[in-house]
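Reviewing the structure listed below.
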Amino acid sequence: HLTEHDLLQVETFYKGHKTEVYVSTCMAAVFLSSSGCNSNWTFHKEGIPVFVLDSGESRRQKRLHIVLAEKGTAFPMWRDVLTHLSQYRIGQEPNFHIMNSSKDHSKHVGIRFYDAMSANLFYSHYVRITNDGEDDVLDLSNSRKKMKSKTGNRHSPKSANKLAFKKSDISQPCCFTHITKI
């Protein structure tokens with residue numbers, strides 16, 4: 001069972017400037033399969049599933065990551081980038097999500113959530129992030145084109161000034177929680 005402290009710890013670990021984080025409210029196990037979705041699944045890791053969306057508005061490239069964070073430390077035990085080739089979807093059971101590995105699209109990743117309601121909320125959040133008609137998060141080639149058109153030549157001195165943070169982008173800490181143990 002995950003406590004509010006566990007959820008806050010994971011969210012704080014992954015939260016950053018221009019980054020959106022969604023932490024699952026239950027633990028899950030990651031399974032790997034070398035061929036076909038209905039083939040034998042091999043247990044890989046167990047942890048807390050997290051979506052980390054880098055908006056692309058700061059120095060990082062726009063990307064949606066799925067991370068399996070370790071309970072108690074929030075360290076990433078497994079992570080992958082979600083693209084249109086990932087085909088993230090619900091499997092035959094409502095608490096089992098399937099996706100293609102970003103490193104090898106012929107390999108599959110299965111995520112078994114320990115609570116069906118949490119699995120549904122996690123998938124609903126994925127749909128909300130990826131179904132914005134004006135902003136296709138999963139189309140990385142499109143976001144790269146937009147990034148190039150915004151910044152021009154990345155190595156020119158002018159573009160370095162454009163990438164710097166504005167003082168108005170950085171706010172004073174609010175509701176600051178000092179975590180001494182991770």
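Residues in the sequence shown are numbered from 1 upward in steps of one, following my numbering. In this text, a Cβ means the ideal position worked out from N, Cα and C, and glycines have one as well.
In chain order, what residues of the same chain have a beta carbon less than 7 Å from the beta carbon of residue i, not counting five sequence neighbours either side?
i, result
"Ser102", "Asp80, Val81, Thr83, Ser86"
Please say whether residue j and residue i have beta carbons closer to each other than 8 Å?
i, j, result
"Phe75", "Asn95", "no"
"Ala119", "His97", "yes"
"Val30", "Trp78", "yes"
"Trp41", "Gly91", "no"
"Cys26", "Leu64", "no"
Could you say which of the options lies nearest to residue i if we only look at CA atoms?
i, options, result
"Ile48", "Tyr88, His17, Leu7", "Leu7"
"Lys107", "Ser33, Phe122, Glu57", "Ser33"
"Thr180", "Tyr88, Gly72, Val127", "Gly72"
"Ser24", "Asp104, Asn100, Phe122", "Phe122"
"Ala28", "Glu46, Tyr14, Phe13, Thr12", "Glu46"
"Val127", "Glu57, Asp104, Phe13, Tyr88", "Tyr88"
Residue i: buried (16+ other C-beta within 10 angstroms of its C-beta) or exposed?
i, result
"Ala116", "exposed"
"Asp54", "buried"
"Val67", "buried"
"Arg154", "For Arg154, the predicted model reports a pLDDT of 46, less than 50, meaning its position is unreliable and no value from the coordinates is stated."
"Asn131", "exposed"
"Ser149", "Any reading at Ser149 must be qualified, since the residue scores a pLDDT of 48, below 50, and its modelled position is unreliable; no value is offered."
"Gly16", "exposed"
"Phe43", "exposed"
Among the residues of its own chain, which have a CB less than 8 Å from the CB of residue i, if the five just before and after it don't count?
i, result
"His125", "Tyr22, Phe51"
"Thr177", "Leu8, Thr12"
Per DSSP, residue i is paired with what?
i, result
"Phe96", "Arg112"
"Arg63", "Asp54"
"Arg79", "Val67"
"Thr19", "Asp54"
"Lys45", "Val30"
In chain order, what residues of the same chain have a beta carbon less than 6 Å from the beta carbon of residue i, not counting five sequence neighbours either side?
i, result
"His5", "none"
"Thr19", "Asp54"
"His105", "Leu85"
"Met99", "Ser86, Tyr88, Val109"
"Phe13", "Ala74"
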